[in-house]
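Residue numbers for the sequence shown follow full-length UniProt numbering, beginning at 1 and rising by one.
Right, one structure below, let's go through it.
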Amino acid sequence: MDQIQHNFITVRGLKFHVADLGEGSNVVLFLHGFPEIWYSWRYQMVALANAGFRTLAPDYRGYGLSDIPPEPEKTTFADLVADLVAILDHLGINKVFVVAKDFGVRPAYLLTLLHPHRVSCVVTLGVPHVPLEPRKYRESLPEGFYISRWNEPGRAEADFGRFDAKTVVRNIYILFSRSEIPIADEKQEVMDMVDASVPLPPWFTEEDLATYGALYEKSGFKTALQVPYRSFDEDFGITDPIVKVPALLIMGCKDYVLKFPGMEEYIKFGKAKELVPDLDIIYLPEGTHFVQEQSPELVNELILDFLRSHM
Numbered sequence: 001m002d003q004i005q006h007n008f009i010t011v012r013g014l015k016f017h018v019a020d021l022g023e024g025s026n027v028v029l030f031l032h033g034f035p036e037i038w039y040s041w042r043y044q045m046v047a048l049a050n051a052g053f054r055t056l057a058p059d060y061r062g063y064g065l066s067d068i069p070p071e072p073e074k075t076t077f078a079d080l081v082a083d084l085v086a087i088l089d090h091l092g093i094n095k096v097f098v099v100a101k102d103f104g105v106r107p108a109y110l111l112t113l114l115h116p117h118r119v120s121c122v123v124t125l126g127v128p129h130v131p132l133e134p135r136k137y138r139e140s141l142p143e144g145f146y147i148s149r150w151n152e153p154g155r156a157e158a159d160f161g162r163f164d165a166k167t168v169v170r171n172i173y174i175l176f177s178r179s180e181i182p183i184a185d186e187k188q189e190v191m192d193m194v195d196a197s198v199p200l201p202p203w204f205t206e207e208d209l210a211t212y213g214a215l216y217e218k219s220g221f222k223t224a225l226q227v228p229y230r231s232f233d234e235d236f237g238i239t240d241p242i243v244k245v246p247a248l249l250i251m252g253c254k255d256y257v258l259k260f261p262g263m264e265e266y267i268k269f270g271k272a273k274e275l276v277p278d279l280d281i282i283y284l285p286e287g288t289h290f291v292q293e294q295s296p297e298l299v300n301e302l303i304l305d306f307l308r309s310h311m
């Protein structure tokens, strides 16, 4: 990982950290989720750079080594998309392959819909493209559903604030690696769902955790709680929601996201292809929510095969 360059680019009034590796005109833009960061793409960046691609993995505003905006609570998905366009413009990059994970799927597809000339194809992990309308999950899951809890201003801040950043990331990685949706009991906070004795997933090392912890120690969680958890109801003014580029969804069969109400049916029975007609779906039988870190060699091969077929 030492060969990855760490550049800082000032656009839209903020300084953004962009991890950069590889050379050439074929550029892959990696978009992280939560509690991830640029580092979650470390294996993919090395593999794709070795295969001849230039790879870029920015930290979103308010995440990791990127600047925290003056008013984190006003950050929107639209900001993230505008930031990405500004970063690409600053680097003189006209078109990219986009690889996204978790909530990074939303800015990936927004970039594709709002700036179709900038995206060659899209690969997403763990989450499909879904309609850009208010989510209904919170209405059909118990009050302790983690998204409902984190949507409530102040609740997660108080919960997270009892621990250092490393412990928060540790607990979320453990919770999100399970096949069940994280739902706290009525009188329990989300952080209390993980006992200190529970080990990390076998593919996630103490060194990895220390890296994540240091990055979130720098940025805190205020922006991360705003986007995505308090920004899902944005109106983007998109009149044509149909994605016109080829796409691939890599889905772990043990990913808790499949347990979201209606999600498995949405993916498996054709609804996902209504918005993304040229969509391929690959299932990984043992895959959890973190397939790119859990099974990097397999995921690298799948991404490379797909990108090469659309160059």
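Don't be surprised by glycine CBs; every beta carbon is placed ideally from N, CA and C.
Every value quoted in this text rests on a predicted model; they were computed, and no experiment measured them.
Under DSSP, residue 178 forms no beta bridge with any residue. Residue 212 and residue 116 have their C-alpha atoms some 33 Å from each other. Collapsing the DSSP output to three states places residue 232 in coil.
Per DSSP, residue 44 is one residue of the alpha helix (DSSP H) stretching across 42–50. Looking at the DSSP output, residue 15 bridges to 10. Residue 193 is classed as buried because its beta carbon has at least 16 other beta carbons within 10 Å across all chains shown. Partner residues in the beta bridge of residue 100, as assigned by DSSP, are 31, 124. In the three-state reduction of the DSSP assignment, residue 57 falls in the strand class, which pools E and B. Per DSSP, the unbroken alpha helix (DSSP H) holding residue 147 starts and ends at 146–151. With contacts defined as CB atoms closer than 8 Å, residue 56 and residue 11 fail to qualify as a contacting pair. The three-state secondary structure of residue 3, taken from DSSP, is coil. DSSP, read as helix, strand or coil, puts residue 208 in helix. Put simply, the backbone Cα of residue 183 is about 23 Å away from that of residue 294. Under the three-state reduction of DSSP output, residue 169 falls in the helix class. For residue 63, no alpha helix (DSSP H) run applies, since DSSP gives it neither H nor E.
Between residue 63 and residue 219, the beta carbon gap of about 5 Å places them in contact (Cβ cut-off 8 Å). Spatial neighbours of residue 275 in its own chain (CB-CB distance under 8 Å, excluding positions within 5 residues in sequence) are listed in chain order as 129, 130, 131, 241, 242, 243.
Annotation: residue 196 is outside any alpha helix (DSSP H) and is labelled neither H nor E by DSSP. Rounded to the nearest whole angstrom, the C-alpha separation of residue 70 and residue 270 is 42 Å. Counting only the Cα atoms, residue 123 lies some 30 Å from residue 156. Short of 6 Å from the beta carbon of residue 80, and not among the five residues preceding or following it, lie these beta carbons of its own chain, in chain order: 60, 107. Rounded to whole angstroms, the Cβ separation of residue 259 and residue 288 is 12 Å, and the two are not in contact under 8 Å.
Taking C-beta atoms under 8 Å as the contact rule, residue 9 and residue 87 qualify, at a distance of about 6 Å. Nearest Cα to residue 104 within the set 78, 301, 146, 282: 78. Here residue 165 has 213, 216, 217 as same chain residues with Cβ atoms under 7 Å from its own Cβ, once five neighbours each way along the sequence are excluded.
Minimum Cα-Cα distance from residue 173 among the listed residues 189, 199, 149, 151 corresponds to 199.
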